[in-house]
Every structure is written in structure tokens, then in C-alpha cells.
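**Q** Shown below is the structure under consideration.
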């Protein structure tokens, strides 16, 4: 075991897979000479050379299309977006080509490609650089959507994503790249499509994913220590395919559900989960499902407004207590 940062394990996962399979290459803005905008590809140009670690012009539409074409011809590209806010420029390629070519070709072509980079808010970056689009991508059949919450999970899930024969949207966070964790030296992967119980509990189920999981775990430990409220915390890890069964099993045990996500409320992941739980486990619910999301506005720039806009510890505790009828 060795302590490593989130950015280190991203580079490590890509490098390990590239050593095994010469058809894998990394392409994106500043991934080569600059070692990645967030240093998540540090040292890779030196090891693999400019034909496999490729700096691109600032044109997400173009290099995403090149990656998709390469994946149709035997390669396994990793496409880095400097931020998923910029993926909007490539939505035609991702949604109309990557997600649909296998279906429209009757299975003649697989599209083994990973689109990865940071997502969500990272502080005072303004409304156009603080957005979460996982529900957009998850809405489209043909795409898999993966969002790890810590370095250990990131490495195992990224390796599985690179090996997958389908297009995978792999979403990270600027605010996690410096996070540290003990990482095994031996080879490991984490399966796509399986949630993980990060903390067992009996009073209420708290479902979340991505960097906001850190707040979820902090709140659950605080409530258990200070108020004897036992919170079961589930990390989805994969948004599509979504592990409905793990959520249902937890709700059957706790009889209450709170969903926490870093996205706008309308047509969100929490909306999908709420519908499914009320359909499949309605008789197990002892109170209405609660959710905590961003406020339904673009991201503010003011640091004080961000505190109100973003899900915080106070909002989560209030929501959990409401679900338990503690007022």
C-alpha cells in the first residue's frame, strides 16, 4: 500500500492500461507537454511518446470525433476534457455518434472510448464553469456514466472503463485531484454498475455520488456520534447503469431515503431514484423521500452565495431529521 493523490491514480490507471494494450491512447488539450491541465497525465508523454499522448487544438467537437473514428477502427481512445463544461461543444459527437453507432450498425461496431475530465463546481469559477451534466449523459441510451468519490475507487473504475467496449463518461472533480488515499500496489478493478455501501446504518438511507460523498460521510458520522442517528450511506459510483437493487435493499432495511446530489433539481438523478423507489418499495417507506440538490439557478460567483447555493452540512442534517420526523 502507498499513499497517492487522486491525480496520481488517474495517471497510473491510464498508464497501466496503456502498457498492456498498445491500441489505447490519450488525447486532449494540454495532456502532453503540460502534463495535463490538472497534472492528471504527468509523465505519460515521456513514457509513451507523442503518438499515444496527443495534445490537441481547442476544439472538443473535432478531437472527440477523431476519437470516435479511431475507436471504430480498433483503437481504445481516452479523451480528456479540460472540464465537462467544454463537453457541450462535443455533444453532437458524443450523443449522436458515440452513443448510437453500435445500435445503428446492428452491433458491427463497438465504440470502446472513455471521455474523462472534471465536473461540477470547484469554487468561484462562475456559472459556465460550475455545472454537473451527469443526468444529461445518463439520459442517453448507449452511454455509461461513472463518477468516483475517492482515489481508490477512481483507479479501479477508470481501469474498468478503459476495458469496457462501450463509450464511458468518466467524471472527476478539480476539488478531488489533491485528495490522498492508500492505494494497493497490486492490480485491481471495480465493476461498473455496482453501488457500494460506504457506511452501514439502520435509521435512514443516504444516497449520493462524486465529491459530495465526503460531506455525506461527514454528516453521517456526526449524526451518529452526537444524536445517535444511524445513517446508511450508499455511493452510487455509476450513474448509468444505476444499481437500483442496492438502493431498494437499503430502503427495505431503513424505511427512509434521502438523496444528495450536486446538480439542479429538475429532471435530476434524484428524480429517477425517487420514482423507482416509490414504484418498487412504496410499502417499505415510513416517510416521504427527501432530496438535497443545488438551488435551481446558475452557479453564483460570490463565495457567500455559493454557500447557500451548494448542498451543505446544515441542509443535509435538516433533511435527514425531517425524514425521521425530528423537528
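Residue numbers (my numbering): 219 to 545.
C-beta atoms are modelled at their ideal positions from N, C-alpha and C, and glycine is treated no differently.
1) So does the region 427–436 actually touch the region 528–536, counting three or more Cβ pairs closer than 8 angstroms?
2) For the alpha helix (DSSP H) containing residue 472, name the first residue and the last one.
3) Can you tell me which of 448, 495, 395 puts its alpha carbon nearest to the alpha carbon of residue 226?
4) Ordered along the chain, which non-local residues of its own chain (more than five positions away) have a Cβ less than 6 angstroms from that of residue 392?
5) In whole angstroms, what is the alpha-carbon distance linking residue 463 and residue 455?
6) Taking all protein chains shown into account, do 16 or more other C-beta atoms lie within 10 angstroms of the C-beta of residue 238, making it buried, or fewer, making it exposed?
7) DSSP on residue 298, reduced to helix/strand/coil?
8) Confirm, please, whether the CB-CB distance from residue 371 to residue 453 is below 9 angstroms.
9) Using the Cβ count rule (16 or more neighbours within 10 Å means buried), how would you classify residue 373?
10) Please say whether residue 425 and residue 476 have beta carbons closer to each other than 9 angstroms?
11) Name the one or two DSSP bridge partners that residue 400 has.
12) Which whole-angstrom value describes the C-beta separation of residue 401 and residue 539, a residue pair presumed to lie in contact below a C-beta threshold of 8 angstroms?
13) Given a cut-off of 9 angstroms on the beta-carbon distance, is the pair residue 467 and residue 411 in contact?
14) What's the C-alpha gap between residue 244 and residue 295?
15) Would you check if the distance between the CB atom of residue 230 and the CB atom of residue 298 is smaller than 9 angstroms?
16) Select from 446, 544, 273, 351 the residue whose C-alpha is nearest the C-alpha of residue 305.
17) For residue 276, count the other beta carbons within 10 Å of its own beta carbon; 16 or more makes it buried, fewer makes it exposed. Which is it?
18) Run through the region 431–515 for me and flag every whole beta strand (DSSP E) of 3 or more residues, listed as ranges in chain order.
19) So residue 327 packs on residue 300, CB below 8 angstroms; how close in whole Å?
20) Could you say which of 516, 416, 522 lies nearest to residue 303 if we only look at CA atoms?
21) Within 10 Å of its beta-carbon, does residue 262 have 16 or more other beta-carbons around it, so buried, or fewer, so exposed?
22) Give the DSSP-derived three-state secondary structure of residue 269 in the structure shown.
23) Answer with buried or exposed for residue 256, where buried requires no fewer than 16 other C-beta atoms within 10 angstroms of its C-beta.
24) Please tell me whether residue 331 and residue 249 are closer than 9 angstroms, where the distance is taken between their beta carbons.
25) So which of 506, 484, 485 has the shortest CA-CA distance to residue 472?
26) Would residue 458 pass as a contact of residue 355 if the rule is Cβ separation under 9 angstroms?
27) Between which two residues does the alpha helix (DSSP H) carrying residue 246 extend?
28) Use the C-beta contact count for residue 423: other C-beta atoms within 10 angstroms, 16 or more gives buried, fewer gives exposed.
**A** Per the coordinate set shown:
1) Yes, the region 427–436 is in contact with the region 528–536.
2) Segment 462–472, the alpha helix (DSSP H) holding residue 472.
3) By alpha-carbon distance to residue 226, the top candidate from 448, 495, 395 is 395.
4) 336, 340, listed in sequence order.
5) About 14 angstroms.
6) Classification for residue 238: exposed.
7) Secondary structure of residue 298 (DSSP, three-state): strand.
8) Yes.
9) Counting C-beta atoms within 10 angstroms of its own C-beta, residue 373 has 16 or more neighbours from the protein chains shown and is therefore classed as buried.
10) Yes, they are a contact pair.
11) Its beta-bridge partners are 221.
12) Incorrect: roughly 36 angstroms between the Cβ atoms, too far for contact.
13) The answer is no: Cβ separation not under 9 angstroms.
14) Distance between the alpha carbons of residue 244 and residue 295: 6 angstroms.
15) No. Outside cutoff.
16) Measuring from the Cα of residue 305, the nearest candidate turns out to be 351.
17) Burial call: exposed.
18) Listed in chain order, they are 449–453, 456–458, 475–478, 508–510.
19) With a Cβ gap of about 28 angstroms, residue 327 and residue 300 do not count as contacting.
20) Relative to residue 303, the option among 516, 416, 522 whose CA is nearest is 516.
21) Classification of residue 262: buried, given that the 10 Å Cβ count is 16 or more.
22) Coil at residue 269, not helix or strand.
23) By the neighbour-count rule (16 or more Cβ atoms within 10 Å), residue 256 is buried.
24) Contact: no.
25) Nearest C-alpha to residue 472: 506.
26) A contact, by the Cβ cut-off of 9 angstroms.
27) Counting along the chain, residue 246 falls outside any alpha helix (DSSP H), though it belongs to the beta strand (DSSP E) covering 242–246.
28) In the assembly as shown, residue 423 is a buried residue. Its beta-carbon has 16 or more other beta-carbons within 10 Å.
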